[in-house]
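Trainee:
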Amino acid sequence: MSKLDIEQFACLTDNYAVLIHDEEAGVTASIDAPDAEAILKRLEAKGWKLTHLLVTHHHNDHTGGNLALKQATGCKVIGPAGEAERIPGLDEAVKEGDVVPFGNFEIKVLDTPGHTIGHIAYWIPDARVAFVGDTLFAMGAGRIFEGNAEIMWTSLKKLMELPPNTEIYCGHEYTVANARFALTIDPENLALQNRAKEVDQLRDLGKPTLPTRIDRELETNPFLRPHVTAIRARLGMPYEPDWKVFAEIRERKNKA
Numbered sequence: 006m007s008k009l010d011i012e013q014f015a016c017l018t019d020n021y022a023v024l025i026h027d028e029e030a031g032v033t034a035s036i037d038a039p040d041a042e043a044i045l046k047r048l049e050a051k052g053w054k055l056t057h058l059l060v061t062h063h064h065n066d067h068t069g070g071n072l073a074l075k076q077a078t079g080c081k082v083i084g085p086a087g088e089a090e091r092i093p094g095l096d097e098a099v100k101e102g103d104v105v106p107f108g109n110f111e112i113k114v115l116d117t118p119g120h121t122i123g124h125i126a127y128w129i130p131d132a133r134v135a136f137v138g139d140t141l142f143a144m145g146a147g148r149i150f151e152g153n154a155e156i157m158w159t160s161l162k163k164l165m166e167l168p169p170n171t172e173i174y175c176g177h178e179y180t181v182a183n184a185r186f187a188l189t190i191d192p193e194n195l196a197l198q199n200r201a202k203e204v205d206q207l208r209d210l211g212k213p214t215l216p217t218r219i220d221r222e223l224e225t226n227p228f229l230r231p232h233v234t235a236i237r238a239r240l241g242m243p244y245e246p247d248w249k250v251f252a253e254i255r256e257r258k259n260k261a
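And the structure:
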């Protein structure tokens, strides 16, 4: 099986840029375009030529570099059909069920609305990796700007159903703050306690806390655990549907 090289690096204030590369096929994609200059520098350092730009959603800290990257490299800009008119330089609009060919790999598109109404994620089953933009974070979930809690919960459930060993790349380094909040919702969770210490150590060393994995999130992310009896008891919501418990957790995080 071909190898997918993945290069993640910090840019802007707390964004991550991610490049994926299939050496055998000679193709390289950027997941979103937070900072064109930083991405072009990394491409040059790696000796890779950008062929694809895969956009998750329209926010400027994910699309601000679209036009500069397209002009500099001639890359094909692919993005969410539900936000097509808001994606600079868009060449191909995609939605759930679509597959983007990428060298020896197939990239499956998942609709994950909530943070924005047309947000999408990109899943590469053969590489056991997904790029989820601002829908899911390590021990966190995206703010709900254009959808509602029920829509966002449906999107998160879709990601929860990916294979447990799927590595998850997110748009931002929010993990330390997310861990501190998570401990207010699920304080007796030993896996969460241990992970919070681990991420503090990583950040103290200047290392990223991402990617994460689906199985780790299912164990430690309170946004994915509204069914847990202890969390429901702490929130005083023993019998509410999962999405309403999720909504309460999201509201508390908004005010944290």
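Take the position in the sequence shown, starting the count at 1, then add 5; the result is the number in my numbering.
Every residue gets a Cβ at the ideal spot worked out from N, C-alpha and C, and that includes glycine.
Along the chain, which unbroken stretches of the beta strand (DSSP E) at least 3 residues long are found entirely within the stretch 77 to 152?
Mentor: If we require 3 residues or more, the beta strand (DSSP E) runs fully inside the stretch 77 to 152 come out as 81 to 85, 97 to 99, 104 to 107, 110 to 116, 125 to 129, 134 to 136.
Trainee: Tell me, to the nearest whole angstrom, how far the beta carbon of S35 is from that of L9; I am working on the premise that it is less than 8 Å.
Mentor: That pair is no contact at about 14 Å.
Trainee: Count the other CB atoms, across all protein chains shown, that sit within 10 Å of the CB of G145; report buried if there are 16 or more and exposed otherwise.
Mentor: Buried: at least 16 other Cβ atoms inside 10 Å.
Trainee: On the three-state DSSP scale, how would you describe S35?
Mentor: If DSSP states are grouped into helix, strand and coil, S35 belongs with the strands.
Trainee: Counting pairs of beta carbons, one from the stretch 144 to 164 and one from the stretch 181 to 191, are three or more of them closer than 8 Å?
Mentor: The stretch 144 to 164 vs the stretch 181 to 191: in contact.
Trainee: Rounded C-beta distance between V99 and I122? I'm assuming under 8 Å.
Mentor: In fact, because the Cβ distance is near 15 Å, the residues do not count as touching under 8 Å.
Trainee: Could you give the DSSP three-state label for A22: helix, strand or coil?
Mentor: Looking at A22 - three-state DSSP - the assignment turns out to be strand.
Trainee: Give me the Cβ distance between L45 and L24, rounded to the nearest whole Å; I'm assuming they're in contact under 8 Å.
Mentor: At roughly 11 Å, the Cβ-Cβ gap does not stay under 8 Å, so L45 and L24 are not in contact.
Trainee: Could you tell me the alpha carbon to alpha carbon distance between D131 and G108, rounded to whole angstroms?
Mentor: If I take the Cα positions, the gap works out to 12 Å.
Trainee: Could you name the residues of the same chain whose beta carbon sits closer than 8 Å to that of V104, not counting the 5 residues immediately before and after it, in chain order?
Mentor: Closer than 8 Å at the Cβ level, and outside the excluded window around V104, lie E111, I112, K113, V114.
Trainee: If you follow the alpha helix (DSSP H) that E222 is in, where does it begin and where does it stop?
Mentor: First-last of the alpha helix (DSSP H) with E222: 219 to 225.
Trainee: Quick check: what's the CA-CA separation for R239 versus D191?
Mentor: Taking the straight line joining both Cα atoms gives about 8 Å.
Trainee: Under the rule that 16 or more other beta-carbon atoms within 10 Å means buried, what is F228, buried or exposed?
Mentor: Its Cβ being crowded by 16 or more others within 10 Å, F228 is buried.
Trainee: Just the Cα atoms here: how many angstroms apart are R230 and T78?
Mentor: Rounded to the nearest angstrom, the two C-alpha atoms are 42 Å apart.
Trainee: Is it buried or exposed, G119, if we count other Cβ atoms within 10 angstroms and call 16 or more buried?
Mentor: The residue in question, G119, is buried, as its Cβ has 16 or more Cβ neighbours within 10 Å.
Trainee: Looking at the structure shown, is D10 part of a helix, part of a strand, or coil, going by DSSP?
Mentor: Looking at D10 - three-state DSSP - the assignment turns out to be strand.
Trainee: How big is the Cα-Cα spacing for G102 and P169?
Mentor: Cα-Cα distance, rounded: 21 Å.
Trainee: Going by the beta-carbon positions, is the gap between A38 and L95 smaller than 8 Å?
Mentor: Against a cut-off of 8 Å, the Cβ pair of L95 and A38 comes out as no contact.
Trainee: I want to know whether the stretch 50 to 57 touches the stretch 87 to 94 - three or more CB-CB distances under 8 Å.
Mentor: They do not touch, by the three-pair rule.
Trainee: Please state whether DSSP places A15 in a helix, a strand or coil.
Mentor: If DSSP states are grouped into helix, strand and coil, A15 belongs with the strands.
Trainee: Any idea what DSSP makes of H177, helix, strand or coil?
Mentor: In this structure, H177 counts as strand in the three-state DSSP scheme.
Trainee: Strictly by DSSP, which residues pair up with L59?
Mentor: Paired residue(s): I36, I83.
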